[in-house]
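Q: Encoded as structure tokens, here's the structure I'll be asking about.
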Amino acid sequence: MGAGVNKVLLPLAGRPILARTLEVFEAHAGVGRVVLVVAGGELEQCQALIDAHGLRKVSEVVAGGRTRHESEYRGLCALEGEISGGTVRVVMVHDGARPFVIPEEIDRLIAETERWGAAILAAPADDDCLVRLSEEGRLEQPPAGLWAAQTPQSFDARLILEAHRRAARDGFEGTDTASVAERLGHRVRIVEGSPANIKITTAEDLVLARALLAGRTPTALRL
Amino acid sequence: MSVAALLPMPAGQSALELRIAGRAVIDRTVAAILAMHGVGRVVVAPQHPPGEGLRALLLSVAPGVRVSEAHRGRLAALRRALLVAGPVDRVLVHDADMPLMATAELEALVGLLDESPCAVLSVPVKSTIKVARDGVIEDTLPRDRLCYVTGPRAFRREALERALVEQGELDEVSAARRAGLPVAVRHTSAASCMRVTGAEDVDVAERLLTVVPVGSLP
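The listed protein sequences correspond, in order, to chains A and B.
Just so you know, we're using this note's numbering here: the first sequence kicks off at 1 and counts up by one.
Just so you know, we're using this note's numbering here: the second sequence kicks off at 224 and counts up by one.
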């Protein structure tokens, strides 16, 4: 999808996907600041994007790590002082490639996090077509109660910073932020998100994103 | 090796007449099948009698296509269509509303029958999948072992016959699983498996035709 170009920098109906994503948080009254974590080679390009789109809540652009997990930890470390001092109480981790999150979903995540300590957006994934491959290559029915995790994933700031520190000590790499908290026994709540909150990672996702912007809901969103 | 293709067709399939870049959905699906190596017969397996318009369209896009007698229930309709298909070694079951599926993918799927009595095309799961109860996450499932079995499927004839006698199953893959048959899996792209079920899908399907190498992984 655009050889050599980070997908979040590609335009979606004239504006970069990343700018669209950041604008959602820029406009949300409950969000105080944004730490953007990007590949080391894209720091200047992303800073230029922030300036061009007047994104004032982005306080820092941080070079990410080798993995998503590492990048997340670096972003948290950039907030370490404020988290320890109590001026940042809730941290939301979000994919720059998900521009369709809506303010109401962020509201609900903040409320659930303040009540329970951890909450993520997720869409129902119980589907007759979803199967699990056994070690022997047989198709099995997965358990019921399945959810496809999305972002934002939202946490009590001290909780997630401590969980990441312990993950670093233990050499644990989570597939998502929630799994870092889950392994320590923290209860993570589900907030139902819209299937439209897609992560744009392929050319076909970009086609779906254009349809969503045009107000259509194609059947292909099912997957 | 002889291959027959069965196209299950539930009621309300007017979307098959929609045009994607100038060609009807059913035309594209059938054309991809007919371009496969070794395919002899294509049989539509309706669960309700198709309307005159669709029947005429079917016969115009591929005069050799047979339409079996309608039978309620997917598995019953497939049993009927298999009789019409005649003595073939292998059977491809492909939903008619997937016009973006490429011939190469279908051939690769049928090729898996060299090693396994059943084979399916599947779409890998992109999201992290959680198991939750009462709104609280209980587990995170390993994503690399999860997939959506939503695309075409292929069977050695005797395996399909064995699966189709299973009672209480809604589709032939779960019937094959219940019958204890091993199923080989090949991943494909979500775009390849896109279903066109209404006018709102036409624009997306047309765009996917132009920007995605349909039939290959993204």
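Glycine included, each C-beta is placed from N, C-alpha and C at the ideal position.
#1: In this structure, what does DSSP give as the bridge partners for lysine 353 (chain B)?
#2: Can you tell me whether arginine 132 (chain A) sits near the ligand SAM, meaning its C-beta is under 8 Å from at least one heavy atom of the ligand?
#3: Can you have a look at isoleucine 198 (chain A) and say buried or exposed, based on whether 16 or more other CB atoms are within 10 angstroms of its CB?
#4: Taking C-alpha atoms, which residue in B:Glu240, B:Glu423 and B:Leu432 lies nearest to alanine 214 (chain A)?
#5: What is the DSSP secondary structure of leucine 55 (chain A), counted as helix, strand or coil?
#6: Can you tell me whether methionine 224 (chain B) is buried or exposed? The criterion is at least 16 other CB atoms within 10 Å of its CB, across all chains shown.
#7: Please compile the residues from chain B whose C-beta is within a distance smaller than 7 Å of the C-beta of proline 143 (chain A).
#8: Give me the residue from A:Arg138, A:Ser154 and A:Ala144 with the minimum Cα distance to valine 372 (chain B).
#9: By Cβ distance below 7 Å, which residues in the same chain neighbour leucine 109 (chain A) in space, the five residues on each side in sequence not counted?
#10: To the nearest angstrom, how far is it from the Cα of isoleucine 17 (chain A) to the Cα of arginine 278 (chain B)?
#11: Taking the CB atoms as reference points, tell me whether alanine 342 (chain B) and leucine 301 (chain B) lie closer together than 9 Å.
#12: Would you list, in sequence order, the uninterrupted beta strand (DSSP E) runs of no fewer than 3 residues that lie entirely inside the stretch 24–93 of chain A?
#13: Based on the DSSP output, what are the partners of glutamine 153 (chain A) in its beta bridges?
#14: I'd like the span of the beta strand (DSSP E) that includes glutamate 190 (chain A), first residue to last.
#15: For alanine 452 (chain B) and isoleucine 243 (chain B), which I take to be in contact (beta-carbon distance under 8 Å), what is that distance rounded to the nearest angstrom?
#16: Using 9 Å as the limit for Cβ to Cβ distance, is isoleucine 360 (chain B) near chain A?
#17: Which value, in whole angstroms, describes the spacing of the CA atoms of glycine 96 (chain A) and glutamate 182 (chain A)?
#18: Are any of the Cβ atoms in chain A nearer than 9 Å to that of proline 233 (chain B)?
#19: For serine 345 (chain B), name the three-state secondary structure that DSSP assigns.
#20: 9 Å is my cut-off, CB to CB: does leucine 223 (chain A) come that close to chain B?
#21: With a threshold of 9 Å between beta carbons, is arginine 366 (chain B) in contact with chain A?
#22: Assuming glycine 117 (chain A) and histidine 186 (chain A) form a contact by the criterion Cβ under 8 Å, report the distance between their Cβ atoms to the nearest whole angstrom.
#23: Express the C-alpha separation of alanine 299 (chain B) and glutamate 384 (chain B) in angstroms, rounding to a whole number.
#24: Just to confirm before moving on: does the CB-CB distance between valine 61 (chain A) and glutamine 47 (chain A) stay below 9 Å?
#25: With distances taken Cα to Cα, identify the nearest neighbour of valine 175 (chain B) among B:Gly296, B:Phe378 and B:Leu369.
#26: Could you spell out where the alpha helix (DSSP H) holding glycine 263 (chain B) opens and where it closes?
#27: According to DSSP, simplified to helix, strand and coil, what is glutamate 423 (chain B)?
#28: Is valine 266 (chain B) near leucine 257 (chain B), with beta carbons less than 9 Å apart?
#29: Run the CB neighbour count on glutamine 270 (chain B), radius 10 Å, all protein chains shown included, and call it buried at 16 or more, exposed below.
#30: Which of the three DSSP states is assigned to arginine 295 (chain B) in this structure?
#31: Using the rule of at least 16 other Cβ atoms within 10 Å of the residue's Cβ for burial, across every protein chain shown, is alanine 308 (chain B) buried or exposed?
#32: Could you tell me which chain B residues have their CB closer than 7 Å to the CB of leucine 159 (chain A), listed as they occur along the chain?
#33: With a cut-off of 9 Å, does the C-beta of proline 375 (chain B) fall near any C-beta of chain A?
A: Well, looking at it:
#1: A:Trp147 and B:Thr363
#2: Summarising the ligand content, the structure contains no ligands, and the ligand SAM is consequently not present.
#3: buried
#4: B:Glu423
#5: coil
#6: exposed
#7: Val354
#8: A:Arg138
#9: Met92, Ala119, Leu121, Pro152, Ser154 and Val191
#10: 45 Å
#11: no
#12: 34–38, 58–63 and 90–93
#13: A:Val93 and A:Ile120
#14: The identity of residue 190 (chain A) in the sequence shown is isoleucine, whereas the question assumes glutamate. Element bounds for isoleucine 190 (chain A): 189–192.
#15: The shown model of chain B, from 224 to 441, leaves out residue 452 (chain B), and the question about it has no answer.
#16: yes
#17: 23 Å
#18: no
#19: strand
#20: In this prediction, leucine 223 (chain A) scores a pLDDT of 48, lower than 50, which makes its location untrustworthy; the coordinate-derived value is nonetheless stated afterwards. With 9 Å as the cut-off, leucine 223 (chain A) counts as an interface residue toward chain B.
#21: yes
#22: 6 Å
#23: 11 Å
#24: yes
#25: Beyond the ends of chain B as shown, which are 224 and 441, falls residue 175 (chain B); an answer cannot be given.
#26: That residue, glycine 263 (chain B), is in no alpha helix (DSSP H); its beta strand (DSSP E) goes 262–269.
#27: helix
#28: no
#29: buried
#30: coil
#31: buried
#32: The contacting residues do not exist; leucine 159 (chain A) stays about 14 Å from chain B at best.
#33: no
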